[in-house]
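Asker: If you count by my numbering, then the sequence shown holds residues 13 to 97, one letter each, in order.
Note that beta-carbon positions come from the ideal geometry of N, C-alpha and C, so glycine has one too.
Have a look at this one.
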Amino acid sequence: MKRYLLFIALLGLGFGACKKEEAAKPSIETIKIAGHEYPKDSTFTVFSKYSGLPLEGLKFLQDEEVFIYNDYLKVLPSDYLILKK
Numbered sequence: 013m014k015r016y017l018l019f020i021a022l023l024g025l026g027f028g029a030c031k032k033e034e035a036a037k038p039s040i041e042t043i044k045i046a047g048h049e050y051p052k053d054s055t056f057t058v059f060s061k062y063s064g065l066p067l068e069g070l071k072f073l074q075d076e077e078v079f080i081y082n083d084y085l086k087v088l089p090s091d092y093l094i095l096k097k
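Rendered as structure tokens:
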């Protein structure tokens with residue numbers, strides 16, 4: 013009987029010592045505006061809503077930190093978004 017208890021205890025200890033796999037978190041694409049990172053999807057949605065520009069032609073130029081519509085109209089994010097200070 014002691015052998016079975018010892019075997020079960022060692023078996024439980026063996027399974028308990030295994031390294032658990034961490035669930036992979038989905039990476040959220042972000043854009044950086046004035047030193048703060050914002051989620052890209054929701055920022056584009058809010059910008060589109062308040063500026064009246066459709067999402068289809070909207071892009072963000074990270075090096076200049078401006079939104080661009082149809083490759084010619086540049087709009088500053090601060091004109092239509094409330095940003096962290």
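Which of the three DSSP states is assigned to residue 20 in this structure?
Answerer: Indexing the sequence shown from 1 puts residue 20 at position 8. In this structure, residue 20 counts as helix in the three-state DSSP scheme.
Asker: Applying the criterion that 16 or more other CB atoms from any shown protein chain within 10 Å of the CB defines a buried residue, is residue 84 buried or exposed?
Answerer: Walking along the sequence shown from the start, residue 84 turns up at place 72. Exposed is the call here.
Asker: Are at least three pairs of beta-carbons, each pair with one atom in the segment 34–50 and one in the segment 15–23, less than 8 Å apart?
Answerer: No, because fewer than three Cβ pairs between the segment 34–50 and the segment 15–23 fall closer than 8 Å, the two stretches do not touch.
Asker: Nearest-angstrom Cα distance between residue 71 and residue 33?
Answerer: The sequence position of residue 71 within the sequence shown is 59, counting from 1. The sequence position of residue 33 within the sequence shown is 21, counting from 1. In a straight line, the C-alpha of residue 71 is about 37 Å away from that of residue 33.
Asker: Please classify residue 49: does DSSP put it in a helix, a strand, or coil?
Answerer: Position 37 of the sequence shown, counted from the start, is the residue given in the question as residue 49. Residue 49: strand per DSSP, three-state reduction.
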